[in-house]
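K.L.:
Heads up: take any position in the sequence shown, counting from 1, add 112, and you land on the working numbering.
By construction, the Cβ of each residue, glycine as well, lies at the ideal position given by its N, Cα and C atoms.
Only a predicted model underlies this, so the values are computations on that prediction, with no experimental measurement involved.
If you scroll down you'll find the structure; I have some questions about it.
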Amino acid sequence: MPSTLSPQEFMELAELETQEPLLSVYFPLDPSGVDLRAKKLQLKNVLNHVRSALESQKYPGAKAKVMLDALEDLEKHHHFLSPANAGIAVLASLSNPQAMKVLALDFRPEESVTLGARYSLTPLMRLFGFSRPRTVLAISEGGLRMLKGTARHLAPMALPESFPKDRDEVMKFEKASGLDPRDSTQHRSGRGMSYHGEGPKESVELEFTKRYYRAIGEALADILSEHETVLLAGVREQLALFRRLNPELPILSAELTGNFETQPTEHFEHRALSALAEVEQTENRLAVDEIRELGQDWWTIDLGPALKAARDGRVHQMYVNEASLEDSNLEELALEVLRHGGTLRTLNADQLDSPFLARFRWSNSPGSESNVPI
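The following block contains the structure:
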């Protein structure tokens with residue numbers, strides 16, 4: 113599973129200073145994810161670059177060897193070996209190489225080696241890119257499948273005991289009593305009794321499908337975290353019925369159609385990630401558009417005003433264009449935003465056409481509709 117960094121962890125790494133240099137290494141892994149020989153060759157090339165960096169700063173040979181030996185051990189590290197990871201980040205102090213921090217990345221970073229007084233962390237801003245929690249639920253009468261994670265990484269999850277295993281579990285007592293699913297159930301219409309047997313009829317089978325879907329909805333509502341949304345998968349007609357019976361759930365309008373009972377997990381995950389990536393791109397574009405529809409006293413794309421506002425604790429949200437992450441000034445701005453409780457999110461160039469966009473907590477303009485902090 114790809115690594116994550118909380119804003120607090122990011123700030124602690126950014127503000128760390130030691131008497132000896134700090135090493136920051138980023139490198140992509142073999143895109144096939146399975147060729148270990150290719151990975152080891154990549155690591156060897158990275159070690160050569162680190163060796164050159166140490167030699168250029170005339171770092172003592174014995175201490176340099178300790179660092180290089182620690183880096184060589186990466187070939188046994190589970191993040192290095194995992195075929196799921198697209199890249200690796202290594203942060204290490206030359207005063208304590210064995211305590212290096214190894215981060216698994218789900219994006220392919222540019223290969224780089226930096227040796228300096230502080231860590232180079234700008235590439236790690238991408239870890240703030242896709243943080244919204246997501247649940248993917250495949251529904252069928254024969255059972256359920258669940259994935260949880262984000263638009264960048266999903267993992268299968270065993271269903272909690274509160275979920276019905278399948279529709280038969282919901283109707284086991286009635287079936288044991290000899291109830292025939294082909295029978296019909298008579299419904300009353302209006303506020304009173306139906307006359308002469310009139311009123312809508314439904315098969316017992318449909319009635320129990322409804323009970324099954326309501327039970328799923330209740331169990332699902334109990335496990336969702338704040339701001340988490342649900343992507344449904346299944347036969348279109350069944351999903352439409354599930355939506356109608358559970359209007360209170362945060363279900364995305366996008367959905368995966370088909371029978372997922374027997375599909376391989378990898379195929380299920382791939383389709384879900386593709387759909388969620390599109391959902392998140394749409395959400396990000398809408399968020400940017402909504403900010404820019406506000407008066408210009410509520411946002412800025414200029415570094416100077418943004419940095420001053422961030423230091424004053426005024427920046428509520430900051431969106432960063434991934435194509436601009438090489439700008440070291442953005443790291444300083446991002447740290448100020450996080451330090452004062454703001455949020456950071458990286459977007460691709462299709463979603464943001466400026467290097468960054470900072471949204472203020474309040475406006476200093478006396479003519480603004482509201483200058484109350486949010």
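(1) Out of Glu319, Gln350 and Pro359, state which residue places its alpha-carbon closest to the alpha-carbon of leucine 332.
(2) Name the one or two DSSP bridge partners that asparagine 208 has.
(3) Where does phenylalanine 285 fall in DSSP's three states?
(4) Could you check the C-alpha separation between alanine 366 and aspartate 218 for me, to the nearest Å?
(5) Can you check whether the CB of alanine 126 is closer than 9 angstroms to the CB of valine 230?
(6) Rounded to whole angstroms, what's the CA-CA distance from leucine 353 to aspartate 142? Just pull it up for me.
(7) In this structure, what does DSSP give as the bridge partners for glutamine 429?
(8) Which value, in whole angstroms, describes the spacing of the CA atoms of alanine 288 and glutamine 429?
(9) Report the partner residues of tryptophan 411 according to the DSSP bridge assignment.
(10) Taking all protein chains shown into account, do 16 or more other C-beta atoms lie within 10 angstroms of the C-beta of asparagine 371, making it buried, or fewer, making it exposed?
(11) So threonine 369 is in the alpha helix (DSSP H); what residue range does that whole segment cover?
(12) Exposed or buried, which one is threonine 116 when buried takes at least 16 other CB atoms within 10 Å?
(13) If we count the other Cβ atoms within 10 Å of its Cβ and call it buried at 16 or more, is isoleucine 263 buried or exposed?
(14) Please work out which residues of its chain come closer than 8 angstroms, Cβ to Cβ, to glutamate 340, disregarding the five sequence neighbours upstream and downstream, and give them in chain order.
(15) Could you name the residues of the same chain whose beta carbon sits closer than 7 angstroms to that of glutamate 101, not counting the 5 residues immediately before and after it, in chain order?
(16) Which term fits alanine 201, buried or exposed, when burial requires 16 or more other beta carbons within 10 angstroms of its beta carbon?
(17) Nearest CA to the CA of proline 209: which residue from Gly254, Ala182 and Val316?
(18) For methionine 305, which residues in the same chain have their Cβ closer than 7 angstroms to its Cβ, ignoring the five residues on either side in sequence?
(19) What three-state label does DSSP hand alanine 250 in the structure shown?
(20) Helix, strand or coil for valine 178, going by three-state DSSP, please let me know.
(21) Are the beta-carbon atoms belonging to glutamate 132 and serine 205 less than 9 angstroms from one another?
(22) Is it true that the stretch 411-426 meets the stretch 393-401, where meeting means three or more beta-carbon pairs spaced less than 8 angstroms apart?
(23) For proline 276 versus isoleucine 328, is the C-beta distance shorter than 9 angstroms?
P.N.:
In terms of the structure at hand:
(1) Numbered from 1 along the sequence shown, position 220 holds the residue referred to as residue 332. Among Glu319, Gln350 and Pro359, the Cα nearest to that of leucine 332 belongs to Pro359.
(2) The sequence position of residue 208 within the sequence shown is 96, counting from 1. Note: asparagine 208 sits in a beta bridge opposite Ser205.
(3) Mapped onto the sequence shown, residue 285 falls at position 173. With a pLDDT of 49 at phenylalanine 285, under the threshold of 50, the predicted position of this residue should be treated as unreliable, and no value is reported.
(4) Here residue 366 is taken as the residue at index 254 of the sequence shown, counted from 1. Here residue 218 is taken as the residue at index 106 of the sequence shown, counted from 1. If I take the Cα positions, the gap works out to 24 angstroms.
(5) As a position in the sequence shown, residue 230 is number 118, starting the count at 1. As a position in the sequence shown, residue 126 is number 14, starting the count at 1. It is arginine, not valine, that sits at residue 230 in the sequence shown. Yes. Within cutoff.
(6) The residue given as residue 353 occupies position 241 in the sequence shown. The residue given as residue 142 occupies position 30 in the sequence shown. Their backbone Cα atoms lie some 44 angstroms apart in a straight line.
(7) For this step, residue 429 is matched to residue 317 along the sequence shown. According to DSSP, glutamine 429 bridges with Thr455 and Arg471.
(8) Position 176 of the sequence shown, counting from 1, holds the residue named residue 288. Position 317 of the sequence shown, counting from 1, holds the residue named residue 429. Caution is warranted here: a pLDDT of 46 is assigned to alanine 288, below 50, making its placement in the model unreliable, and the coordinate value is therefore given only provisionally. Alanine 288 and glutamine 429: Cα-Cα distance of roughly 57 angstroms.
(9) Against the sequence shown, residue 411 aligns to sequence position 299. According to DSSP, which records beta bridges pairwise, tryptophan 411 is partnered with Arg471.
(10) Indexing the sequence shown from 1 puts residue 371 at position 259. By the 10 Å Cβ count, asparagine 371 comes out exposed.
(11) Residue 369 sits at position 257 when you count from the first residue of the sequence shown. Element bounds for threonine 369: not the alpha helix (DSSP H) but the beta strand (DSSP E), 363-369.
(12) Working through the sequence shown from its first residue, we reach residue 116 at position 4. Result: exposed.
(13) Position 151 of the sequence shown, counted from the first residue, corresponds to residue 263. Here residue 263 is alanine; the residue named in the question, isoleucine, does not match the sequence. It is buried - the Cβ of alanine 263 has at least 16 other Cβ atoms within 10 Å.
(14) Walking along the sequence shown from the start, residue 340 turns up at place 228. Contacts found: Arg244, Pro245, Arg246, Thr247 and Pro362.
(15) A question about residue 101 goes unanswered here, because the residues of the chain that appear run from 113 up to 486.
(16) Locating residue 201 in the sequence shown gives position 89, counting from the first residue. Buried, because 16 or more other Cβ atoms sit within 10 Å of the Cβ of alanine 201.
(17) As a position in the sequence shown, residue 209 is number 97, starting the count at 1. Comparing Cα positions, the closest option is Ala182.
(18) Indexing the sequence shown from 1 puts residue 305 at position 193. At methionine 305, the pLDDT of 42 sits below 50, so the modelled position is not reliable; the number obtained from the coordinates is stated separately. Within the same chain, methionine 305 has no close Cβ partners at all.
(19) Residue mapping note: residue 250 aligns to position 138 of the sequence shown, counting from 1. Here alanine 250 sits in strand by DSSP.
(20) Here residue 178 is taken as the residue at index 66 of the sequence shown, counted from 1. DSSP places valine 178 in helix when its eight states are reduced to three.
(21) Start at 1 with the first residue of the sequence shown, and residue 132 comes out as number 20. Start at 1 with the first residue of the sequence shown, and residue 205 comes out as number 93. In this structure, serine 205 lies closer than 9 angstroms to glutamate 132 by Cβ.
(22) no
(23) Taking the first residue of the sequence shown as position 1, residue 276 is located at position 164. Taking the first residue of the sequence shown as position 1, residue 328 is located at position 216. Taking 9 angstroms as the Cβ cut-off, proline 276 and isoleucine 328 qualify as a contacting pair.
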